[in-house]
Structures are given as C-alpha cells and as structure tokens.
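Below you'll find the structure, written out as structure tokens, and then a few comments.
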Amino acid sequence: MSQPTFTFDDLKRILLEGSGAPEGGGLDGDAQDVLDTEFSDIGYDSLALLETASRIEREYGIDLDESVIGDATTPRAFIGAVADHLVAPAA
Amino acid sequence: MTASVVVTGLGITAPNGLGTKDYWSATRVGKSGIGPLTRFDAAPYPAKLAGEIAGFAAEEHLPSRLMPQTDQVTRLSLVAADWALADAGVRPADLPAFDMGVITASSAGGFEFSQHELKSLWSKGGEYVSAYQSFAWFYAVNTGQISIRNGMKGPSGVVVTDQAGGLDAVAQARRQIRKGTSLVVAGAVDALLCSWGWVGLHTSGRLSTADDPGRAYLPFDERAAGHVPGEGGALLILEAADAARARGARVYGEIAGYAATFDGREPGLRKAIELALADADLAPSDVDVVFADAAAEPELDRIEAQTIVAVFGHRGVPVTAPKTMTGRLYAGAAALDLATAFLALREGLIPPTVHTDPADRHGLDLVGAQARPAALRTALVLARGHGGFNSVMVVRS
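As given, the protein sequences belong to chains A and B, one line each in that order. Numbers 1 to 91, taken from UniProt numbering, label the letters of the first sequence in order. Numbers 1 to 397, taken from UniProt numbering, label the letters of the second sequence in order.
Next up, the structure:
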C-alpha cells in the first residue's frame, strides 16, 4: 500500500477548484516564496481555507482538526498539518 | 436634514438588454425579453415563460475567485454595480471607505446556489456542502459582495419587501446620504430562475400559465391572468446634490419624494402616492408620467387603476408599464422602473407598454405599444410587494 502524499501542487489544485484564483496571481509566484506567504496575502480568507479543508477531508478520507485551519496560516504549515493527518491513520 | 439627493450613475441588467445602452435601445422601441424558459426544463410546471437574461458570461466581468462563491443574482449585482459606478465616473478606491455605503433589496437571495448545495446535502452528505453556502444564499449577499469588492464600509443593509424593495432600498440610501454618507450604491437585482425558485414562485398563485409570450403578461387588460417572472434589475449611484455638483458629475435627476404604506382594511397605495407627493412638495398636476406596478391580476389591477384615477383624474396622466417587456423582476422591478424613469426624463420619451389592450373601464391613459414623446420633468414610480407593501417614489430631472 503506497503512502498517500499531499504536496503544494495538491493544495494549489484544491484551492483553485474550490475557491478560484486570487486576483494578482498570488499562487503563481516562485513556489518557495509562496509556501511561506500568508494565505491572506495570497488572496485567500478563512472561508477559502475551510472550503479547502473540507475538500481535502473528502478526497483523502481524513478528518482535519479545526485547529489546522486556524493555526496554519501559510501553505507550508497547511501542507505539514495535512501530512500529519495522512500518516496518523496508517500507523 | 433635507439635502437634495441625486442619481449620478445607472447599472442595468435586464431580460431585454444588458447594460443601460442596450436596455434603453430595446425598451424605447418595445422589444420584449420574454420567452420560453431555457435555464431548466419547465415542461412539468404550469408556468413556462420567463424574462431570462441571455448572453451574460459572468467570468468575462468578474475575477475567478468570485465564481465558486456567487449565485447568478450576485454576479449580476456585482456587474450592475461596476457599471453604475463607471457611469457615475466614480473610482471607489479614491474615496474614503466609510463615506460609501451599499443598500440593496432582495426577495430571494442566491436560490440556484442553494438548490445545488441542498442537492449535495441530501444526496451525498453534509461534507459535500460548500463553505460558501454560509452566505451565498443570503438576502444580504449582494450588498456584502458589492461592499467587499469596492471597499465600501459606510452604512449598508438590505430590505426584503418584494417588489416594493427596489424603492425602499433607494429611500434608505437617501436617508443615509442625508445623515452624511457621501455615496450609496442602491437598488436591486433579483434572479431566481432555477427549478427550485420556480416552484417557490408558483405558490403566489399569480403566475401566468400562457405559452404565447405576446399574451402572457397583460396588466390592465380584460384578459389579465397573472404575470411572467423575470430576472435582473438596476443599481443606482446616489449622492448628495452639492457633492455631485462639486465633483462635476453628470446628474440624471433627483429622488424628490418617497413614501411607503401597508395594506390594511383598505389598500394603502393611494396614501403612499399622496405622502410621496407631499414629501416632494408637489401636486398631482406636476406629475408627467406614472410607472405602474402592473400586477396583471384583475383585483390588483382594479385597485391600482382606481387609485391612479382617484389621484390624477380620469385619463389624467400618462401611465406606462415597461415591465411588460421584462416580466416582473420582484425586488429588481421597481429599481429598474426607477432607472427607466430617469432615462425617460432624459430623452423626453415615455417607454411603451407592450402586448396589453387596456380595458376602458380602468380609465387609464396607458401608453401603448409605441413610445410617446413628451416633455417630462417629474415621474412617479409605483411598486407593490407581495403581502401588502406599497412604495411610491417621485423623481425629478
């Protein structure tokens, strides 16, 4: 059984599917820069993250703590939090 | 306290025209936007005609970020607001956020969005409902999205009084401007031509079940048997007259008077007209044209015609109902009538009332299928909301 992964590309795809592209192309910059940019500066509010979390839960069959959305204010933190949830059920 | 409040911009989305120019060039020649419903299969329903807006591609006007979180009604509202601001020559980013407000009317909110989410809820489960459903359905959503998009943080709100709402919102905007807000986006756009909305509209018992677009919505006609629903409406930019003058704005005219009443033991429409004229400090003889509510329901038509005759005399004032070309747009209807009144004043042309052959017994001078040139200075707009709301607005060039 292969280990499911959650990458920046996955996050980007789900953000775009669920909440559209932010004005000013906030997601299109250098990936390393975008990873550490606050979601609010990219152009996504808390509701966009709620929608994104809900889509991830559906697609990956996991339950994300509500704290993920509040605490993970950058893509890097968000991806890390999702990755933690992906490994937990497999243990 | 009684500072003059003027209209400096119009944004129109209507079944017979997208944008003020398209709408007015269709309306002045009697071009109707009523036809068979195409948005969904209307075959199983008694009513099958509507005034649909065709050729509106929201993604051509709005950023992708807004698409997953907006219903058709909000997309139309955002675009109408953009057009109204551009028409007024206003760049919101240049103005203080708390000096600008947004007041719209709504009668249904984002119905089609809700229909989609409720389908997901009952067929797939709660986890499939969009987070954006939390506001996308809501009556105040158009006000909220216009406010966010344009950075308008001044006094804002929503009124829900069916067709009367289009005037009530503008009246509320006038109050806020008199209290010191510089600019308010006001009016209404409604859109609920989805199958769920369609079922809801049938509960009024007032929908026309005709299938000939030319015989379906016939206010003041002996054959009147209900109305055709439509989508769209208008948003207007309201400013204090001295502020508009100071920035050299083009002015369509003034919101000169307004009143609202509620039907009790007697219909309240006459009282609303009298109070609105008093508010404008005008006499009935000063009114050059009346935009009728035009319910096309025999008893409501009788009350409206009797009221107009009681105030203005037998065939005492030209009456028009350009909404015969769009269908009734609910909250959007009276806002569109208001915008149309300003266009009529500007051109000196009373737009036509199409299809209807008015009954003589009503005693109305109803402008028929041809527009009527006239020297126009003052127009009266009547609106009745389902459930007994009456609102009347007087506008003056």
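We put the CB at the ideal spot given by N, CA and C, even for glycine.
Boundaries of the alpha helix (DSSP H) in which residue i is found, first to last residue
i: THR20 (chain B); result: 20-27
i: GLY18 (chain A); result: 8-19
i: SER77 (chain B); result: 72-88
i: HIS202 (chain B); result: 195-202
i: PHE135 (chain B); result: 133-136
i: ALA305 (chain B); result: 298-312
Residue(s) in a DSSP beta bridge with residue i
i: PRO373 (chain B); result: B:LEU349
i: VAL68 (chain A); result: Paired residues: none, contrary to the question.
i: ALA383 (chain B); result: B:SER391
i: PRO358 (chain B); result: B:ASP221
i: ARG396 (chain B); result: B:GLU254 and B:THR378
i: PHE39 (chain A); result: Beta-bridge pairing links PHE39 (chain A) to no other residue.
i: ILE273 (chain B); result: DSSP output for ILE273 (chain B) lists no bridge partner at all.
i: VAL5 (chain B); result: B:ALA240
i: ASP365 (chain B); result: B:PRO318
i: ILE34 (chain B); result: B:GLY51
Cutoff 8 angstroms: residue i Cβ touching any chain A Cβ
i: LEU376 (chain B); result: no
i: MET67 (chain B); result: yes
i: SER114 (chain B); result: no
i: ASP64 (chain B); result: Here residue 64 (chain B) is Ser; the residue named in the question, Asp, does not match the sequence. For SER64 (chain B), the answer is yes, since a Cβ of chain A falls inside 8 angstroms of its Cβ.
i: ALA131 (chain B); result: yes
i: GLU117 (chain B); result: no
i: GLU60 (chain B); result: no
i: TYR128 (chain B); result: yes
i: GLY151 (chain B); result: no
Straight-line gap, residue i to residue j (C-alpha atoms, nearest Å)
i: LEU235 (chain B); j: GLY109 (chain B); result: 16 angstroms
i: ALA57 (chain B); j: GLU274 (chain B); result: 43 angstroms
i: VAL29 (chain B); j: LEU49 (chain B); result: 21 angstroms
i: PHE78 (chain A); j: GLU57 (chain A); result: 13 angstroms
i: CYS194 (chain B); j: SER130 (chain B); result: 18 angstroms
i: ASN142 (chain B); j: THR161 (chain B); result: 16 angstroms
i: TYR44 (chain A); j: GLY313 (chain B); result: 60 angstroms
i: LEU37 (chain B); j: ALA310 (chain B); result: 38 angstroms
i: LEU11 (chain A); j: GLY268 (chain B); result: 58 angstroms
i: ALA91 (chain A); j: SER120 (chain B); result: Any answer about ALA91 (chain A) is weak, because its pLDDT of 45 lies below 50 and its placement is not dependable; what the coordinates show is given next. Cα to Cα, the separation comes out at about 32 angstroms.
i: MET1 (chain B); j: VAL287 (chain B); result: Model confidence at MET1 (chain B) stands at a pLDDT of 47, short of 50, so the residue's coordinates are unreliable and nothing is read from them.
i: MET393 (chain B); j: SER147 (chain B); result: 25 angstroms
i: GLY18 (chain A); j: ILE42 (chain A); result: 15 angstroms
i: ILE34 (chain B); j: THR326 (chain B); result: 6 angstroms
i: LYS323 (chain B); j: ASP337 (chain B); result: 8 angstroms
i: ASP279 (chain B); j: SER182 (chain B); result: 22 angstroms
i: VAL90 (chain B); j: ILE177 (chain B); result: 16 angstroms
i: LEU353 (chain B); j: VAL185 (chain B); result: Here residue 353 (chain B) turns out to be Thr, not Leu, going by the sequence shown. Distance between the alpha carbons of THR353 (chain B) and VAL185 (chain B) is about 28 angstroms.
i: PRO92 (chain B); j: ASP221 (chain B); result: 46 angstroms
i: ALA21 (chain A); j: ALA296 (chain B); result: 46 angstroms
i: LEU218 (chain B); j: ASP65 (chain A); result: 58 angstroms
C-beta neighbour in chain B for residue i, strict 8 angstroms
i: ALA91 (chain A); result: With a pLDDT of 45 at ALA91 (chain A), under the threshold of 50, the predicted position of this residue should be treated as unreliable, though the coordinate-derived value follows. No, because no Cβ of chain B sits closer than 8 angstroms to the Cβ of ALA91 (chain A).
i: GLY43 (chain A); result: yes
i: SER67 (chain A); result: no
i: GLY47 (chain A); result: In the sequence as presented, Gly is not what sits at residue 47 (chain A); that position holds Leu. Judged by the 8 angstroms Cβ criterion, LEU47 (chain A) is in contact with chain B.
i: GLU51 (chain A); result: yes
i: PRO4 (chain A); result: no
i: PRO75 (chain A); result: no
i: ALA31 (chain A); result: no
i: residue 92 (chain A); result: There is simply no residue 92 (chain A) to check, as chain A begins at 1 and stops at 91 in what is shown.
i: GLY20 (chain A); result: yes
i: ARG13 (chain A); result: no
i: GLU23 (chain A); result: yes
i: GLU59 (chain A); result: no
Boundaries of the beta strand (DSSP E) in which residue i is found, first to last residue
i: GLY187 (chain B); result: 183-190
i: THR324 (chain B); result: Unbroken run through THR324 (chain B): none, as it is neither H nor E.
i: LEU238 (chain B); result: 232-240
i: PRO75 (chain A); result: Careful: PRO75 (chain A) lies outside any beta strand (DSSP E), inside the alpha helix (DSSP H) at 75-87.
i: PHE291 (chain B); result: 289-291
Proximity test, residue i beta-carbon vs the ligand ATP heavy atom, cut-off 7 angstroms
i: LEU236 (chain B); result: For the structure depicted, the ligand ATP is absent and the ligand set is empty, with no information on it obtainable.
(message) Quick check for students: name the residue ranges of the alpha helix (DSSP H) that lie wholly in the stretch 93-131 of chain B, counting only runs of 4 or more.
(response) 111-123
(request) Could you tell me which uninterrupted beta strand (DSSP E) segments, each at least 3 residues in length, are contained entirely in the stretch 152-178 of chain B, listed from first to last along the chain? (result) 157-159
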